[in-house]
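Taking it in order: structure first as structure tokens, then the write-up.
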Amino acid sequence: MPEVLRGDPGRVGLPSVLQLLEGEAMSGRLALGPAAWLDLANGLPVAASCEGREGRGAALELFLLDVPWFSFDAHPVEAAAPLDAMLSLIMEGCRLSDEWARLAASTVQRQPDRVEGLAGRLLSQLPDGACLEVARRAAGLARCSLVDPLLSLVEAGALVLGPTVALPEPLPAPPPAPVLAPTPPVAAPPPEPAFADAFVALEEGRRLVRLGDLVGAEAAFLAALTLRPDDRVARQNLARVRQVLGAAPSSSPSSAPHRSHA
Amino acid sequence: MARIHHASGLLTMKIVYYGPGLSGKTTNLQWLHESYPADTRGDLVKLDTETERTLFFDYFPAELGMIGRYRVKANFFTVPGQSFYNATRRAVLVGADGLVFIADSAPSREEANLVSLANLRENLRAAGRDLEQLPLVFQWNKQDLPGAMSPRMLERMLNPTGAPSFSAVATRGEGVWDTQVCILQAVMERLRAGARKGSVASA
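Sequence order for the protein chains is A and B.
Going letter by letter, the first sequence gives residues 1 to 262 in the working numbering.
Going letter by letter, the second sequence gives residues 1001 to 1203 in the working numbering.
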């Protein structure tokens, strides 16, 4: 199982590597340092693991890693439902990377008394005067899962960021293996049904929008959002379709009435 | 870099619209998207942030026609203009065959134009590429604004090497199509030259 690529992500960025692998329809495992990887089947991202996480969230977190090396071993990977389109994955990963870059070193001037969810877990770990990255490490949370909840709080005026401070040193990375031992073919884990169905539902919604069937599209986007509640594209599309239909937007997908496809 | 897929007879090129925030990149792409016949264009993908705090990036593919036995397809992208989205801009620039720089003609945006152009140059340099070696077209957008900087002033400020340029009012579609035609022609010319040298990726 040949290693066909190896390099320094600081010199050749992950988006470049991924676009190359997609363009060449490669199958195999892209390792980013010793503890994170992305499996590709015919150039499509089908599985990922990063710091103990799996799936699309792990794939997004890859864009925020600071690792000294990457390598790609080509071998057959069982085709599976993609985690996302490669373009969407790259753009979303880069956006999260950019957003976290401006959040990480920020201190907090004022925060709400009570915050639910991941942002709440993060803020509860925040020592006085420390930056958000310190709290993130203490809480053991993935960066990509924090960006939007934090930005939403900032936008609502509930969270006020203070001056930035020097970021703590990154944890020392294990040295790169000089030559990676051939990796046995690893079958991709079975697709996460919710993701696969959400992807299909989203595509169906788009198709129905093009056909002018907005009621059907609404149902499809709602299904996508129910299956994958954090899917931004599905949420936006649903909101827009409802705007056109003149329906009142719902605050959560599960509480929204599900219209049948006319 | 443009790609030729011989088996499917497809030549694909990537055009990136660059420029400061709110200069009209998205308006250009929206107008272009509407101008292409429905059966030759893909969806206009608009990835906004969750609360639509800012328009993040746009993309659509379009089939341009045939050259010999090859179908020619262009993928049009915009970059996010806000300064902190630089990793994203670098990602969008990967493999760009041609660049359109959308300048904002509002006098208050003079510095934003300069900063964005310097950022484009720097991001290309970081990827080992040189702005002067890439097909580039300028568009002086928002010429309808009262007190808009004149094309002559913008040329002097941003385009000392004399790359092709167009005045535009993208909200009315003025100058949008001409800008696009010019960059496509420049890219095709570059591809022809590259093909002679064998530097076009093929599969």
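Glycine residues also receive a C-beta, built at the ideal position from the N, C-alpha and C atoms.
Contact annotation: residue 32 of chain A and residue 77 of chain A have beta-carbon atoms that are not nearer than 8 Å. For residue 164 of chain A, the pairing in a beta bridge is given by DSSP as A/106. Chain A has a Cβ within less than 8 Å of the Cβ of residue 1094 of chain B.
The beta carbon of residue 1026 of chain B sits closer than 8 Å to the beta carbons of 1046, 1055, 1058, 1078 from its chain, once the five residues preceding and following it are set aside; these are given in chain order. Nearest CB-CB separation between residue 23 of chain A and chain B: below the 8 Å threshold. As DSSP reads the structure, residue 131 of chain A sits in a beta bridge with A/107. If the five residues before and after residue 233 of chain A are omitted, its C-beta is found closer than 6 Å to no C-beta atom of its own chain. Counting every other CB atom within 10 Å of its CB across the protein chains shown gives residue 1118 of chain B a total below 16, marking it as exposed.
Under the three-state reduction of DSSP output, residue 1025 of chain B falls in the helix class. For residue 73 of chain A, there is no enclosing alpha helix (DSSP H); the enclosing beta strand (DSSP E) has its first and last residue at 70 to 74. Residue environment analysis places residue 1095 of chain B among the buried positions, since at least 16 neighbouring C-beta atoms fall within 10 angstroms of its C-beta. Residue 1141 of chain B is positioned such that its CB atom lies closer than 8 Å to that of residue 1024 of chain B.
Cβ contact annotation for residue 108 of chain A (same chain, cutoff 8 Å, sequence separation greater than five): 123, 126, 132, 159, 160, 161, 162, in chain order.
With its beta carbon less than 8 Å from one in chain A, residue 1088 of chain B belongs to the interface.
Contact annotation: the stretch 128 to 145 of chain A does not touch the stretch 80 to 90 of chain A, with fewer than three C-beta pairs closer than 8 Å. Residues of chain A whose Cβ lies closer than 9 Å to the Cβ of residue 1002 of chain B do not exist, since the nearest Cβ in that chain is about 11 Å away.
The way I'd put it, the stretch 1122 to 1131 of chain B does touch the stretch 1083 to 1097 of chain B; three or more beta-carbon pairs between them come closer than 8 Å.
When Cβ-Cβ separations below 8 Å define contact, residue 73 of chain A makes no contact with chain B. Distance between residue 1106 of chain B and residue 1082 of chain B, taken at the CA atoms: about 17 Å. One finds 206 in chain A with Cβ atoms closer than 7 Å to the Cβ of residue 1043 of chain B, taken in chain order.
Non-local beta-carbon contacts of residue 118 of chain A in its own chain, meaning distances under 7 Å to residues more than five positions away in sequence, involve 141, 145, 146, 149 in chain order. At least 8 Å separates the CB of residue 1070 of chain B from every CB of chain A. Within the same chain, Cβ atoms closer than 7 Å to the Cβ of residue 1035 of chain B are found at 1177, the five residues on either side in sequence being excluded. Of A/121, A/209, A/218, A/231, the smallest CA-CA separation from residue 143 of chain A is found for A/121. Residues of chain A with a Cβ closer than 7 Å to the Cβ of residue 1195 of chain B do not exist, since the nearest Cβ in that chain sits about 18 Å away.
With contact defined as three or more Cβ pairs closer than 8 Å, the stretch 40 to 57 of chain A and the stretch 3 to 11 of chain A are not in contact. Going by DSSP, residue 1182 of chain B is part of the alpha helix (DSSP H) stretching over 1176 to 1197. Within the stretch 94 to 108 of chain A, 94, 95, 97, 98, 99, 101, 102 place their CB atoms closer than 8 Å to a CB of chain B, listed in sequence order. Beyond the five residues adjoining it in sequence on each side, residue 79 of chain A comes within less than 6 Å, by CB distance, of 41 in the same chain, given in chain order. DSSP places residue 1040 of chain B in no beta strand (DSSP E); its state is neither H nor E. By a beta-carbon distance limit of 8 Å, residue 1076 of chain B does not contact residue 1004 of chain B. Their separation comes to about 19 Å. The continuous alpha helix (DSSP H) containing residue 1125 of chain B extends over residues 1110 to 1126. Sequence-distant Cβ neighbours of residue 2 of chain A in its own chain, meaning closer than 6 Å and more than five residues away, are 74. When CB distances to chain A are screened at a threshold of 8 Å, not a single residue of the stretch 1004 to 1017 of chain B falls below it. Sixteen is the threshold: when 16 or more other Cβ atoms of the shown chains lie within 10 Å of the Cβ of residue 1190 of chain B, as they do, the residue is buried. Following the DSSP letters along the chain, one finds residue 19 of chain A inside the alpha helix (DSSP H) bounded by residues 14 to 23.
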